[in-house]
Every structure is written in structure tokens, then in C-alpha cells.
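First up is the structure itself, then whatever we jot down about it.
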Amino acid sequence: MSGTEPFPPELWLPAWGWRVSPLALALALTALAATGWVLRSTRLGLSLRAVGGNPSASVLLGLNPGKCMLTAMALAGGLAGLAGMLQVSGVYHRLIPAISSNYGYLALLVVMLADYRLLPVPAIAFFFACLNVGSIQLPMMLRVDSSLSGVIQGACVLATLCVYGWRRRRGSRG
Amino acid sequence: MGELSLAVLLAGVLAGAAPLVLAVMGETVTERAGLINLSLDGTILLSAMGAFATAYETESLAAGFAAGALVGAAVAAAVAVCSVYWRLSQVAVGFVLTLMCRDLAYFLGNPFSRLPGPHAGPWAVPFLEDLPWAGEVLFRQSLPVYGSLLLVGLTWLYLYRTRWGLELRSVGEHPRAAYARGMNVRRLQFFYAVWGGVLTGLAGAAFSLCVKPGWGRPQGAEGMGWIALAIVIFGGWHPLKAALGAYLFAFLQVTGVSLQGIWPSAPAQVFQTAPFPLMIFTLVLVHWTRKGRLRRWAEGRRWIGPLARFLHVSPPRALGKSLPG
């Protein structure tokens with residue numbers, strides 16, 4: 148695999164026994180808590196939810212949807228940048244072309260599976276990570292391609308989308 | 101790359117753009133009917149794998165192309181059923197399917213990777229190939245290239261010169277009015293989604309059987325579906341302008357390869373990735389022409405005015421909205 152030389156060990160994130168970095172874990176949990184706090188109990192979160200719920204009504208409330216969306220995009224981009232930092236300094240310890248491991252796409256799937264709520268996100272993210280880590284063994288043990296985990300994740304999300312859609316339709320009729 | 105003749109360059113552009121043109125025409129028809137099929141990227145890979153595997157097993161190119169079309173139709177039908185009949189979010193379903201199909205293609209295609217298989221070579225048109233310049237550019241290509249060139253004209257004719265095309269556009273512009281005029285909006289949308297899926301599947305088959313023969317991980321067609329989606333917007337949902345966009349993109353890719361021969365010192369990644377940011381830049385330009393103030397500024401100027409009018413596009417009015425109730 149192409150990529151840069153590994154960084155000197157001083158630049159690696161400190162890690163415990165089996166390659167778990169306490170700093171990375173703490174960062175992830177802080178990001179989760181901060182996102183929940185911003186969305187639930189700040190003015191910014193309220194405006195974001197208003198714009199997402201109904202852009203034309205939020206204009207009448209004196210909000211600027213473009214500005215709110217730009218803020219949200221910038222915050223999300225910052226968090227994605229943090230994820231990239233962890234990939235480089237905590238996981239691979241060097242820069243490789245496939246550094247993102249498709250986590251950006253995977254994050255969208257996690258959010259869809261959680262039906263755009265925050266609480267189920269850690270459990271789903273953990274489940275998806277288990278699938279990913281487990282599938283690395285597939286080519287060695289069963290001689291099948293490791294992308295099986297992606298197929299399972301996609302099937303999960305598609306089935307969930309259908310169930311949510313069906314429920315919503317039943318709710319609107321009954 | 102010393103003697104880079106224009107004819108060779110143009111022939112390369114036509115050949116390289118063939119799958120892209122197929123996919124772009126399919127998506128143009130689907131979006132004109134008001135439906136967004138976001139699963140293009142995964143569909144292309146899955147149908148490329150299906151086409152190659154079928155052609156490898158049966159040793160028949162026709163069976164390969166048929167398998168590709170079938171795979172594309174199946175994925176498009178899934179998107180259409182979910183969004184038209186079950187009214188799920190088109191974007192969400194398409195996005196999940198694009199990721200799932202890509203992984204499914206890698207998973208199922210694993211036994212076929214890096215195998216030498218059949219591929220569609222050039223097939224010169226008798227008599228016409230001897231034409232002095234046009235023969236070299238146009239008539240010594242492979243079958244998918246001829247197909248893609250014909251398809252551009254046929255799609256334009258269908259959309260703007262037939263009654264069915266008028267109905268298709270009216271469904272995308274104002275589904276309620278179309279419904280009131282007695283059209284079965286849902287059935288039409290489903291039909292045109294599958295139509296687009298068939299063409300996308302053929303695009304995938306054209307990749308694995310003609311342009312980039314063989315299957316592997318990566319295949320080389322990754323990202324093409326997203327580019328096709330961008331080109332549909334660039335082309336303003338008009339088949340001729342969209343085809344122009346596809347050829348422009350292929351031209352950038354081909355010149356990238358030859359430019360690399362001229363400047364070997366520049367890193368290879370620059371020329372591989374340059375078409376993608378250029379595409380984003382053109383989309384930004386297209387967006388700017390929608391702003392009234394900029395349009396008025398551009399109107400009076402000699403060069404910018406016509407360019408702005410050419411770039412100015414508006415989507416089908418009901419694009420992405422399913423028929424309520």
C-alpha cells in the first residue's frame with residue numbers, strides 16, 4: 148500500500164494495551180455529549196432544528212437559513228476533521244490514500260439507522276465498528292471479500308428505512 | 101506522446117466517454133420524470149461486475165450486456181418502488197443503495213477479479229472507415245461507442261419530438277396536473293426510473309467489457325456515477341448539453357493522461373483528480389448564473405452574456421418530490 152513513512156512514535160496518540168487510545172475515546176464521547184448539549188439546550192441548536200424542520204417558516208421567525216446551514220456544515224466539517232486526525236495519529240500513524248476508510252459514508256448510514264436521533268448513535272456506531280473489524284478476518288478465514296460488512300450495514304439501514312416509512316404511513320392514515 | 105494528433109485525441113474522447121454518456125442519458129430521463137436515482141455509482145459497479153461475470157461464464161458479450169442492463173433495471177426498480185409507491189426519501193434510499201451495491205459488487209465479484217475475459221474490441225464500419233478524417237474519429241470504434249452516439253440523438257428526439265416525451269416532461273414538471281389529465285403518474289415514474297436503470301446498467305457493462313476491460317478492486321469506474329449525476333445538473337437536464345458535459349469530462353481525462361507525458365515531474369494524482377474539482381467549479385458557475393443580479397450584470401457583455409445564458413439551467417419543477425396522497 149502506498150503512503151508516507153510512519154511518523155516517529157513521539158507523534159502517535161498514547162495508547163493502552165490493545166491499541167485503544169484513551170484520548171481518542173474521550174474525544175469521541177465529548178463530541179457526542181457536546182452535540183447533544185448544543186442541539187438540545189442552546190439557541191444555536193434551536194435555530195438549527197427550526198431551519199431543518201421548515202426552512203420557509205424559520206425565515207418568518209427571523210432566522211437566516213443559509214447562515215444556519217453554513218454554521219452546521221462548518222461544525223460538522225470540523226468534527227470530520229477531528230476524525231481524520233484520529234485516523235492519522237491514532238490508527239495508521241502515517242498518511243495513506245485510503246485514510247478515511249469510507250467512515251464519512253458510514254457515518255451517514257449510522258445517522259439514518261438512528262432515524263436522525265442522537266441517543267442510539269453510540270450503540271449503532273459500536274455495532275458497525277464490530278462488523279468492520281470482524282470483516283477484516285474474512286479474506287483469511289473464509290476467502291471471501293471483506294466488503295461483506297458493508298453489504299450487511301446497507302441491508303440493515305435499507306430495512307430500517309422501509310420500516311420507518313411504513314410506520315409513518317400507517318400513522319398518517321390511522 | 102510526441103505526435104498527438106487531433107483525430108486520435110477525439111477518438112479517445114469518444115471512446116472514453118461512451119459509458120458516461122449512457123449513464124448520463126439514463127439519469128437525465130429519470131430526473132426529467134421527477135425522480136432522483138442517487139444509486140448511480142453503485143449501480144455502475146454492480147452491473148459492471150454482473151456483466152463481466154456473465155460474459156466470462158457464457159463467453160458471450162451479448163449476454164454480458166444483457167446481464168448489466170438487468171442489474172441496472174433491478175436496482176432502479178428498488179429505488180422507484182421505495183420512493184414512488186412507499187414514499188420513502190429518494191435521496192436516502194438511493195444513497196444507501198449506492199454504498200450497498202458497491203460493496204455487493206466487490207463481495208460477489210471477488211472470484212472473478214483479475215481474470216482475463218472477453219471484451220468488445222473495435223468494430224470498423226465497412227466503407228465509412230475509409231473516410232479521410234471522420235473515419236479515424238468516428239467509424240473505428242467499438243459497439244458501445246456507436247450506441248452512445250445514437251442514444252444522444254434518440255433521447256433528444258424522444259423528449260422533445262414525441263407525445264410520450266411530452267408526457268414524461270409534464271410528469272416531472274407538474275405531477276398533479278399530469279394526474280388530472282389522466283396520466284398514471286406513478287406508473288410513468290416507475291417506468292422511466294427502470295429505463296434509466298437499464299441505461300446505467302449498460303454503462304457499467306461498457307466499463308467492464310469495453311473501456312476498462314475486466315473486474316478487480318478497484319475496477320476503475322469508481323466515482324463515475326457521482327460525476328454522471330453532476331453532469332446531468334451541468335447539462336441542465338437537457339440531453340444534448342448533458343452529452344456535451346460528458347464529452348468535456350472525458351476530454352479532461354484524456355488530456356490529463358497526455359499532459360502527464362509532457363510534465364513527468366508533476367505528481368500523477370494531480371492529473372487524475374483535476375477533472376473532479378474542475379467539475380465542482382463548473383457547478384458553482386452554473387449556480388451563479390441563477391442569481392438575478394449576476395445575470396443582469398452579464399447580460400450586456402459580449403462574451404459573458406451568451407455564456408451565462410448557456411450555463412443558466414433550471415431543474416424539473418417537481419424533481420425529488422413524490423406525488424402526495
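In order, the protein sequence lines correspond to chains Y and W. Using my numbering, the first residue of the first sequence is number 148, and each one after it goes up by one. Using my numbering, the first residue of the second sequence is number 101, and each one after it goes up by one. Ideal Cβ positions, reconstructed from N, Cα and C, are used throughout, including at glycine.
Only exposed fits P232 (chain W), as fewer than 16 other CB atoms lie within 10 angstroms of its CB. A Cβ-Cβ separation of about 6 Å places G134 (chain W) in contact with L419 (chain W) under the 8 Å criterion. Residues V129 of the same chain have their beta carbon placed closer than 6 Å to that of W295 (chain W), with the five preceding and five following residues left out of the count. With contacts defined as CB atoms closer than 7 Å, A330 (chain W) and M379 (chain W) qualify as a contacting pair. Secondary structure at I144 (chain W): helix, using DSSP grouped into helix, strand and coil. Spanning the alpha carbons of A305 (chain W) and E159 (chain W) requires a straight line of approximately 14 Å. Using a Cβ-Cβ cut-off of 9 Å, R316 (chain Y) is close to W186 and R187 of chain W, given in chain order.
The beta carbon of F290 (chain W) does not come within 7 Å of any beta carbon belonging to chain Y, so the residue lies off that interface.
Within chain Y, the residues placing a beta-carbon under 7 Å from that of D203 (chain W) are S294, G297, V298 and G301, ordered along the chain.
Listed by position along chain W, the residues whose Cβ is nearer than 7 Å to that of M216 (chain Y) form an empty set, because the closest Cβ is around 15 Å away. The C-alpha of L308 (chain Y) is placed about 16 Å away from the C-alpha of V268 (chain Y). A direct Cα-Cα distance of roughly 11 Å separates L208 (chain W) from S293 (chain Y). L285 (chain Y) is positioned such that its CB atom lies no closer than 7 Å to that of L278 (chain Y).
Taking the Cα of V124 (chain W) as reference, the smallest distance to any Cα among W:A293, W:G235, W:G314 and W:V184 is reached at W:A293. Non-local C-beta neighbours of P415 (chain W) in its own chain, meaning closer than 7 Å and more than five positions away in sequence, comprise W337, ordered along the chain. Between the segment 197–216 of chain W and the segment 312–322 of chain W there are three or more inter-stretch CB-CB distances shorter than 8 Å, so the stretches are counted as touching. Annotation for E236 (chain W): the continuous alpha helix (DSSP H) segment containing it runs A234 to L238. Residue-level contact check: Y263 (chain Y) does not touch chain W, since none of the beta carbons of chain W fall below 7 Å from its beta carbon. By the C-beta criterion, the segment 182–200 of chain Y is judged to be in contact with the segment 213–230 of chain Y, since at least 3 inter-stretch pairs fall below 8 Å. Pairing A178 (chain Y) with L260 (chain Y), the inter-Cα distance amounts to about 19 Å. With respect to the 7 Å criterion, F307 (chain W) and T382 (chain W) are not classified as neighbours on the basis of their beta carbons.
No Cβ-Cβ contact shorter than 7 Å links V257 (chain Y) with D203 (chain W). For the segment 235–254 of chain Y, residues whose beta-carbon sits nearer than 7 Å to a beta-carbon of chain W comprise Y252.
Pairing V181 (chain W) with F290 (chain W), the inter-Cα distance amounts to about 7 Å. Counted as a single uninterrupted DSSP element, the alpha helix (DSSP H) harbouring Q190 (chain W) occupies residues Q190 to G209. Taking 7 Å as the Cβ-Cβ cut-off, the segment 126–158 of chain W has no residue approaching chain Y.
Taking 7 Å as the CB threshold, G213 (chain Y) stays off the interface with chain W. Around the beta carbon of S270 (chain W), a 10 Å sphere encloses 16 or more other beta carbons of the protein chains shown; the residue is thus reported as buried. Residue state for P155 (chain Y) is assigned as coil, using DSSP reduced to three classes.
In this chain, the alpha helix (DSSP H) harbouring M324 (chain W) covers M324 to F334. Take A224 (chain W), set aside five residues on each side of it, and the residues of its chain with a beta-carbon closer than 7 Å to its own are F239 and R240, in chain order. No Cβ-Cβ contact shorter than 7 Å links A169 (chain W) with A321 (chain W). Contact between the segment 137–157 of chain W and the segment 184–196 of chain W is present: 3 or more CB-CB pairs across the two stretches fall below 8 Å.
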